[in-house]
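Trainee:
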Amino acid sequence: MKYNEKVTNRMKRIEGQVRGALRMMEEEKEVKDVITQLTAARNALDRTAALIVTQNLEQSIRDEEENGKSPEDFVQEAVNLLVKSR
Numbered sequence: 000m001k002y003n004e005k006v007t008n009r010m011k012r013i014e015g016q017v018r019g020a021l022r023m024m025e026e027e028k029e030v031k032d033v034i035t036q037l038t039a040a041r042n043a044l045d046r047t048a049a050l051i052v053t054q055n056l057e058q059s060i061r062d063e064e065e066n067g068k069s070p071e072d073f074v075q076e077a078v079n080l081l082v083k084s085r
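With numbering that gives the first Met the number 0 applied, the sequence shown covers 0 to 85.
1) Going by DSSP in three states, Met24 sits in which element: helix, strand or coil?
2) So, is Thr47 buried or exposed, given that buried needs 16 or more other C-beta atoms within 10 angstroms?
3) Judging by CA-CA distance, which residue of Gly19, Thr53, Arg22 is the nearest neighbour of Val6?
4) As a quick exercise: from Asn3, Met0, Leu80, pick the residue whose alpha carbon is nearest that of Asp45.
5) Work out the CA separation of Leu37 and Gly19 for me, nearest whole Å.
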């Protein structure tokens, strides 16, 4: 799968959030603030994983329909990936 700029930019922002949380820990910031940062990073990862699965599913369905095949297997695989990511 080719990952577009939207996805890679999201991952770079998440990387920044994780680095920020690490810096906060090194600076002995309040636990509440560190957890807030980590929660934001986790939520961003969840949304990014869903976006990647969605984009892949859309492309797979298009490809299968062009080849005259049923996309049901890809839909089930996408659902399984989303469940696994939780």
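Cβ atoms here follow ideal geometry from the backbone N, Cα and C, with glycine treated the same way.
Mentor: Per the coordinate set shown:
1) Within the sequence shown, numbered from 1, the residue matching residue 24 stands at position 25. Helix.
2) Translated into positions along the sequence shown, residue 47 becomes position 48. When all chains shown are included, Thr47 counts as buried.
3) Locating residue 6 in the sequence shown gives position 7, counting from the first residue. Here the closest residue by C-alpha is Thr53.
4) As a position in the sequence shown, residue 45 is number 46, starting the count at 1. If we check each option's Cα against that of Asp45, Leu80 comes out closest.
5) Taking the first residue of the sequence shown as 1, we reach residue 19 at position 20. Taking the first residue of the sequence shown as 1, we reach residue 37 at position 38. Between Gly19 and Leu37, the C-alpha separation is close to 9 Å.
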